[in-house]
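Everything below concerns the one structure shown next.
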Amino acid sequence: MPDLLDFQADFGAALRDRARTPALAHRLAGEPDVVDTRMAIYRANMVAAADKALSAAYPVIRQVVGAEFFHGLAREYQRATPSTSGDLTAFGATFDAFLAAFEHTRPMPYLPELARLEWAAHLAYGAADAPAWDVAALAAIPPDRQDAIRFQWCPGLAVVRSASPIVRIWTIHQPGFDGVFEVDWGRAETALVARDGFAVTVVDCPPADAAFIEASLRGASLGDAAAAALEDHPHFDLGALLARAFAARLVCGATH
Amino acid sequence: MTAPASPVGTGIGLRQPHYREVFERRPPLAFLEVHSENFFLEGGASMHALERARAAYPISLHGVGLSLGSADRLAGEHLARLKRLVDRVEPALVSEHLCWGAVGGVHFNDLLPLPYTGEALALLADRVDHVQTVLKRRLLVENLSAYVECRDSEMTETAFLAELARRTGCGLLLDLNNLYVNATNFGFDAGQRLDALDAASIGQIHLAGHSVVDDCLVDTHGAVVCDPVWALYAQACRRFGPKPTLIEWDTDLPALDVLLQQAAQASDIAEREPAHA
C-alpha cells in the first residue's frame, strides 16, 4: 500500500476508535500522551460537525429531545453511519432508520416519522426554483385529454405518512410560533411538504389527497392517480384537490 | 467564462445571520466569502441570498470538503458540483485547503494534515492540475491549522506549498492565523516561514481568531484576530504587497460591526505598511 494511503487509513481508524491511536502514534511527532490529547481535538471536531449538520436538518427533533441528548444522537449516528460526502448537507438521510432502531429512541415511534418530515423539508429548502403553473393552463387542455395529464409537481414536494401528529409537532416548534403549545397525540397526520417561493411549507394532508399525490409523484396520469385515490377513499373529490393544489402553487407543469 | 479580476482590499465571511444586514447596509467591502459546500443546492433561499450577494460584491468561494489530499480518490461528483457553482456564481476567487478528509469511503468532514513528503507533493500536484483544468481557473490552496505533525514529513508545509505553486501555477491562500496556531503548537517561527514564499504566488490572505485548549491553540474562527497575527499581517503586507484579505469568523458569530471593525483594522495595516517585496 502506498505510504500516504496507509497513513490516512491509520489516521481514520484512530479518529473513529481511540483504541487505534497507538498504531498511528509512531507516525506522528510528539509524546504518545500529547498525541492522544491532540487526536481528541480531531475526534471532537468530527462529532461537532455531525451535530451541526444534523441540527441544521433536524431542528425540531433537536428541540424535542434537547441539545445535550441530540449531541449524543449525532455521535452515535455518525459512529453507525459515517458521512460519505464532503458536503455535510447530504449527511443525515438515514437518521429516521437510526432513530427507529437506537435503543434510547426506540420507545418514541413518532421520532423517525418526524425525521422523515424534517428530511423532506431539508430537501425542499434547497430544491430548484420553479414558477407555479396557472390553473388556466390546465383548463386550456381539451377535456378528453385531461385524464392523460401527468403533473410536474413543484421541486421538493413530498408526502410523509405517519401514525403520529407530526405536522402539529413540526408547527409548534417553528420559530415565531405563538399559539397554544399542545399536541393531540391520538392524531395520525400525513404531511405534505412543499416550497412556496423560498419558504418551506408543511401542511396536514387528507389521506385521499395524499394517495392521489403519491401516485402522481410516481408518474401516474391524472386519471390513474384519481383511480388510485378512489380505491381506498370513495369520497375523494378530484376537483376540490386540484383547486387546493393550484391555490397552494404545488403544480409547476404537466405533460399530456 | 471571464471571472472578475481579483479584488483589492478587505472582505468578510458572509454567514446567514448577517445576510439581511449586509444587504441593507451594503458595507464598503472588497468582497464576500462563503463556504462553497453551503451552496451545493439547486435553488431556494440560500441560493437567492448568494445571488443577491453576488449582485453587490465580488464573491470568493472557499471550499472545505473537496479533500484534495485523499490518497485513494478525488471525489469527482464533489468537483462537478463545485464546477456548477463556479459557473453559476463567477467568483473572483476559488480556494481549497492543503489537506485530506476522507479515506475508504468515509468522510471525516474535517481538514486533516498531510505528511509533507515527495509522494504527497506528486499527488497534490496532480489533483490541483486536474481541478484547475476542470474549473478552467486558478485555484488557491490554503495552509492548514493542525494539532498533530507527521513524523515522515521531508519539508515544511510552507516549502511544500511553495513547490506546489511552482509545479501547478496554483495560488496560495495564506492563512496567518493557521500559521500562528501551528507555530505555537509545534514551536517554529511563523515570521521566518513567510520568507520561503513568493509574492506572486499569494492570492489571498485569511485572518481569524482561535481559542486555547490546555496547551494547544485550536483554530475555531470564533474570536478577534490576536496581536501576534496582526503583526504577522503587517509583515506579510511589507513582503507581499497588498493582497485580498479576509476576516474569517464561523463560530460564536458576533455583530456584523465587529467583523467590519476587524476588516477596517486590516485595511489600515495594509495601507500603512509599504510593500518592499
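Line by line, the protein sequences are chains R and W.
Following this note's numbering, the residues of the first sequence are numbered contiguously, the last one being 260.
Following this note's numbering, the residues of the second sequence are numbered contiguously, the last one being 368.
Glycine included, each C-beta is placed from N, C-alpha and C at the ideal position.
In DSSP terms, what residue i is bridged to
i, result
"aspartate 241 of chain R", "Answer is none; aspartate 241 of chain R lacks a bridge partner."
"serine 302 of chain W", "W:Val309"
"glycine 70 of chain R", "According to DSSP, which records beta bridges pairwise, glycine 70 of chain R is partnered with nothing at all."
"leucine 165 of chain W", "Its beta-bridge partners do not exist; DSSP assigns none."
"cysteine 190 of chain W", "Beta-bridge pairing links cysteine 190 of chain W to no other residue."
"alanine 259 of chain R", "With the sequence shown as reference, residue 259 of chain R is identified as threonine, and alanine is not the correct amino acid for it. Note: threonine 259 of chain R sits in a beta bridge opposite R:Arg154."
"histidine 108 of chain R", "BP columns for histidine 108 of chain R are empty, so no partner."
"histidine 295 of chain W", "Checking the displayed sequence, the identity of residue 295 of chain W turns out to be glutamine instead of histidine. W:Leu264."
"isoleucine 360 of chain W", "Answer is none; isoleucine 360 of chain W lacks a bridge partner."
"glutamate 221 of chain W", "Contrary to the premise, residue 221 of chain W reads as histidine rather than glutamate in this sequence. The partner list for histidine 221 of chain W (beta bridge, DSSP) is empty, contrary to what the question assumes."
"serine 151 of chain W", "W:Glu124, W:Leu184"
"threonine 101 of chain W", "W:Thr336"
"glutamate 233 of chain W", "W:His188, W:Leu264"
"leucine 32 of chain R", "W:Cys241"
"leucine 203 of chain W", "W:Trp191"
"valine 197 of chain W", "W:Val194"
Beta-carbon contacts of residue i that lie in its chain and below 6 angstroms, excluding the five residues immediately before and after
i, result
"threonine 93 of chain W", "Any reading at threonine 93 of chain W must be qualified, since the residue scores a pLDDT of 48, below 50, and its modelled position is unreliable; no value is offered."
"leucine 337 of chain W", "Gly102, Glu124, His297"
"threonine 205 of chain R", "Ala198"
"glutamine 356 of chain W", "none"
"alanine 219 of chain R", "Ala229, Ala232"
"valine 51 of chain R", "Arg79"
"alanine 74 of chain W", "Because chain W here runs from 92 to 368, residue 74 of chain W falls outside it and cannot be looked at."
"alanine 128 of chain R", "Gly160, Val197, Arg199, Val204"
"arginine 110 of chain W", "The sequence shown places tyrosine at residue 110 of chain W, not arginine. Once the five neighbours on either side are set aside, the close Cβ partners of tyrosine 110 of chain W are Ala140."
"leucine 157 of chain W", "His169, Glu187"
"proline 36 of chain R", "Ala29"
"alanine 33 of chain R", "none"
"tyrosine 207 of chain W", "Ser244, Met246, Glu248, Phe251"
"valine 164 of chain R", "Arg120, Leu121, Ala124, Ala195"
"threonine 109 of chain R", "Leu103, Leu115"
Cβ-Cβ separation, residue j to residue i (assumed contact under 8 angstroms), whole Å
i, j, result
"alanine 195 of chain R", "serine 168 of chain R", "10 angstroms between Cβ atoms; not a contact."
"leucine 255 of chain W", "valine 219 of chain W", "6 angstroms"
"arginine 253 of chain R", "aspartate 200 of chain R", "6 angstroms"
"alanine 322 of chain W", "histidine 312 of chain W", "Wrong, their Cβ atoms sit about 19 angstroms apart, outside the cutoff."
"aspartate 150 of chain W", "proline 182 of chain W", "The sequence as given places isoleucine at residue 150 of chain W; aspartate does not occur at that position. The Cβ separation is near 4 angstroms, so the contact holds."
"aspartate 201 of chain W", "glycine 192 of chain W", "6 angstroms"
"alanine 4 of chain R", "arginine 79 of chain R", "Limits of chain R in this structure are 5 at one end and 260 at the other, which puts residue 4 of chain R out of reach."
"serine 236 of chain W", "aspartate 310 of chain W", "4 angstroms"
"threonine 98 of chain R", "threonine 85 of chain R", "6 angstroms"
"aspartate 151 of chain R", "leucine 234 of chain R", "Not really, about 13 angstroms apart at Cβ, beyond 8 angstroms."
"valine 180 of chain W", "arginine 145 of chain W", "6 angstroms"
"aspartate 100 of chain R", "alanine 119 of chain R", "4 angstroms"
"valine 239 of chain W", "valine 207 of chain R", "Valine 239 of chain W to valine 207 of chain R, Cβ: 51 angstroms. No contact."
Neighbourhood of residue i by C-beta distance below 8 angstroms, restricted to the same chain and skipping five residues each side
i, result
"glycine 96 of chain R", "Ala57, Leu58, Ala61, Tyr62, Tyr81, Trp123, His126"
"aspartate 236 of chain R", "Pro211, Ala212, Ala215"
"glycine 70 of chain R", "none"
"leucine 267 of chain W", "Ala281, Ile296, His297, Leu298, Val320, Leu323, Tyr324, Ala327"
"arginine 159 of chain W", "Note on identity: in this sequence residue 159 of chain W is leucine, with arginine being the wrong assignment. Leu165, Glu187, His188, Leu189, Cys190, Trp191, Leu215, Arg218, Val219, Val222, Val232, listed in sequence order."
"arginine 47 of chain R", "Leu19, Arg22"
"glycine 294 of chain W", "Ser97, Leu184, Ser186, Arg229, Leu231, Gly262, Leu263, Leu264, Lys334, Pro335"
"threonine 259 of chain R", "Ile153, Arg154, Gln156"
"leucine 176 of chain W", "Ser127, Phe130, Phe131, Leu152"
"phenylalanine 185 of chain R", "Ile176"
"valine 187 of chain R", "Pro169, Arg172, Ile173, Ile176"
"valine 315 of chain W", "Gly300, Val349, Gln353"
"glycine 260 of chain W", "Gln223, Arg229"
"glycine 223 of chain R", "Arg154"
"histidine 239 of chain R", "Ala212"
Same chain, Cβ closer than 7 angstroms to residue i, neighbours up to 5 away in sequence not counted
i, result
"phenylalanine 344 of chain W", "With the sequence shown as reference, residue 344 of chain W is identified as leucine, and phenylalanine is not the correct amino acid for it. Same-chain partners within the cutoff: Arg106, Pro108."
"alanine 134 of chain R", "Cys158, Pro159, Cys256"
"leucine 252 of chain W", "Leu189, Val232, Asn234, Leu263"
"alanine 368 of chain W", "Because alanine 368 of chain W sits at a pLDDT of 47, beneath the cut-off of 50, its placement in the model cannot be relied upon, and the point is left open."
"arginine 172 of chain W", "Phe131"
"isoleucine 374 of chain W", "An answer regarding residue 374 of chain W cannot be provided, because it is not within the stretch 92 to 368 covered by chain W."
"phenylalanine 15 of chain R", "Leu28"
"arginine 258 of chain W", "Ala216"
"arginine 31 of chain R", "Phe11, Asp14"
"alanine 274 of chain W", "Asp280, Ala281"
heavy atom of the ligand FMN below 8 angstroms from residue i C-beta
i, result
"cysteine 158 of chain R", "This structure lacks the ligand FMN; in fact it carries no ligand of any kind."
List, from N- to C-terminal side, the beta strand (DSSP E) runs of 3 residues or more that fit wholly inside the segment 202-235 of chain R. 203-208
Hey, is the segment 137-153 of chain R in contact with the segment 170-187 of chain R, meaning 3+ C-beta pairs nearer than 8 angstroms? no
Meets three-Cβ-pair contact criterion under 8 angstroms: the segment 156-175 of chain W and the segment 17-35 of chain R: no
Within the segment 125-207 of chain R, note down every full beta strand (DSSP E) run reaching 3 residues or more, in order along the chain. 154-157, 162-164, 195-200
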